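A short write-up of the structure that comes next.
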Amino acid sequence: MIPDLIHHGVTTDWLEHDNLWVPTPSGSFFKPVVFSPSEGLYINLIRVERSGVLSRHRHSGTVHAIVLKGRWQYLEHDWVAEEGSFVFEPPGETHTLYVPDGVDEMVTLFHVKAGYVFVDVDGNALGYEDVFTKMDKAREYYSSIGLGEDYINRFIR
């Protein structure tokens, strides 16, 4: 049986700027909440400290998101997700995540089933991300700051 997992302060204390935020090539950061390789899903906080395009991607599974700070939108839609908003993203959709001008910091809790493919403007695949690539990035980063490769075990269920 999989053991319970509880993290206190995920929407409060965890938002602090500490060394547990894993940097990404796009200039954003993520903080893992749970990795579930057996279910092919992960939940993480994403923090962005600049405006502009974060990524264009196509999901192979569903995504649920809750905006905790700031706001963001998909250029392909006419809505803006603001602090307190809930977003459901269906599988198969391609969209471009954009943080509007004037937003100094955006933090969103994302629950991602399966993964997604990064694509260019023509829809050509550039790379992908899933629970396994997220785990690898977190493991490498936490090891590089002295926490050890096994630090991520606290998030795996």
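The numbering used here puts the first residue of the sequence shown at 1461, with every later residue one more than the last.
Even for Gly, the Cβ is constructed at its ideal location relative to N, Cα and C.
Everything numeric in this text was worked out from a predicted model, so none of it was measured.
{"Check": "Going by other Cβ atoms of all chains shown within 10 Å of its Cβ, with 16 needed for buried, is Val1468 buried or exposed?", "Outcome": "Note that residue 1468 corresponds to His in the displayed sequence, not to Val. Flag for His1468 reads exposed."}
{"Check": "Considering only the alpha carbon of each residue, which of His1537, Ala1525, Tyr1588, Ser1520 lies closest to Pro1485?", "Outcome": "Tyr1588"}
{"Check": "Three-state secondary structure (DSSP) at Asn1613?", "Outcome": "helix"}
{"Check": "Determine the DSSP secondary structure at Met1461, reduced to helix, strand or coil.", "Outcome": "coil"}
{"Check": "I'd like to confirm the pairing. Which residues does DSSP put opposite Glu1495 in its beta bridges?", "Outcome": "According to the sequence shown, residue 1495 is Phe rather than Glu. Phe1495 is bridged to Tyr1502, Ile1616."}
{"Check": "Measuring alpha carbon to alpha carbon, tell me which of Val1547, Val1559, Leu1528 ends up nearest Asp1473.", "Outcome": "Leu1528"}
{"Check": "List the endpoints of the continuous beta strand (DSSP E) containing Arg1518.", "Outcome": "1512–1519"}
{"Check": "Return the bridge partner residues of Pro1668 from the DSSP annotation.", "Outcome": "Any property of residue 1668 remains undetermined from this structure, which presents the chain solely from 1461 to 1617."}
{"Check": "Under 8 Å, do Ala1574 and Gly1500 count as touching if we go by C-beta distance?", "Outcome": "yes"}
{"Check": "Please report the straight-line C-alpha distance between Val1581 and Pro1463, rounded to a whole angstrom.", "Outcome": "43 Å"}
{"Check": "In this structure, how does DSSP classify Thr1522 when only helix, strand and coil are distinguished?", "Outcome": "coil"}
{"Check": "Got a sec: is the Cβ-Cβ distance from Arg1510 to anything in chain D below 8 Å?", "Outcome": "The structure shown contains no chain D, having only a single protein chain."}
{"Check": "Taking the CB atoms as reference points, tell me whether Ala1598 and Thr1568 lie closer together than 8 Å.", "Outcome": "no"}
{"Check": "On the three-state DSSP scale, how would you describe Thr1593?", "Outcome": "helix"}
{"Check": "According to DSSP, simplified to helix, strand and coil, what is Leu1586?", "Outcome": "strand"}
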